[in-house]
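Residue numbers (full-length UniProt numbering): 1 to 174. Here the structure comes first, spelled out in structure tokens, and everything after it is commentary.
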Amino acid sequence: VIQMNIEESARKAITQELKINQSSQCPYVVMCYQSFYDNGAISIILEYMDGGSLADFLKSVKKISEPYLAAIFKQVLKGLLYLHHEKHIIHRDLKPSNLLINHRGEVKITDFGVSAIMQSTSGQANTFVGTYNYMSPERISGGRYDYKSDIWSLGLVLLECATGEFSITPPVPN
């Protein structure tokens, strides 16, 4: 439950996230069943993902075996294909903590608070949002970027899961 006395920017991010979640009908995106306001609070009912995040899983196993890694990333890529080409959404914050797992081994994308809805797959953005260590070079430099930026971020997640460490330090922007 999120209280309504939060900053306007946080309210906008929540509204954006709800809009994306409620419009997505994809088995690789966490489902938002309902949201409502009650007694000054926003209540959001999301699909239950009982396995925690990929970040949690990675902490417990250190690195992930190739067969399981392939299964995980096949699902995430299908989710991105849907978001990018069906919904024209750039996630802009792909990282292990935004990939949730359930007891069936299903992996789903979550946290659309900083996502951008583009007019088409050729649309571009230039807003500096997301988690710095997972940003593509064009995002770090303040340049224009598109959905391919999510693929870069996913590549960094894959590298982290395969090696058990985050080995790339992005350059500090000027």
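Ideal Cβ placement from N, Cα and C applies to all residues, glycine included.
Between the options, which has its C-alpha nearest residue i's C-alpha?
i	options	result
Ile109	Ile140, Arg144, Lys63, Glu47	Glu47
Glu106	Asn133, Leu159, Asp93, Phe57	Phe57
Ser53	His84, Ile89, Val157, Ile101	Ile101
Gly155	Leu83, His85, Tyr33, Lys74	Lys74
residue 199	Ser97, Val29, Pro67	There is no way to answer for residue 199, as the model of the chain reaches only from 1 to 174.
Lys95	Ile72, Tyr134, Lys78, Ser149	Tyr134
Arg104	Glu86, Gly51, Leu158	Gly51
Ser149	Cys161, Asp93, Asp111, Phe166	Asp93
Ser35	Leu18, Pro27, Lys87	Leu18
Leu81	Ala55, Tyr28, Phe166, Ser136	Tyr28
Cys26	Lys78, Leu158, Glu66	Lys78
Tyr147	Thr163, Ile42, His88	His88
Helix, strand or coil for residue i? Go by DSSP, reduced to three states.
i	result
Ser153	helix
Ser65	coil
Lys108	strand
Gly164	coil
Val76	helix
Leu94	coil
Is residue i near the ligand GDP, with its Cβ less than 7 Å from a heavy atom?
i	result
Tyr33	As presented, the structure is devoid of all ligands, the ligand GDP included, so that no description of it is given.
Bridge partners of residue i, per DSSP?
i	result
Lys148	Per DSSP, none; premise fails for Lys148.
Cys32	Leu46
Ser53	Leu100
Specify, as a first and last residue, the run of the alpha helix (DSSP H) that residue i falls within.
i	result
Pro137	137 to 140
Which residue marks the beginning of the beta strand (DSSP E) containing residue i, and which one marks its end?
i	result
Leu99	99 to 101
| message | Within 8 Å, do at least three Cβ pairs link the region 57 to 66 to the region 134 to 143? | response | no
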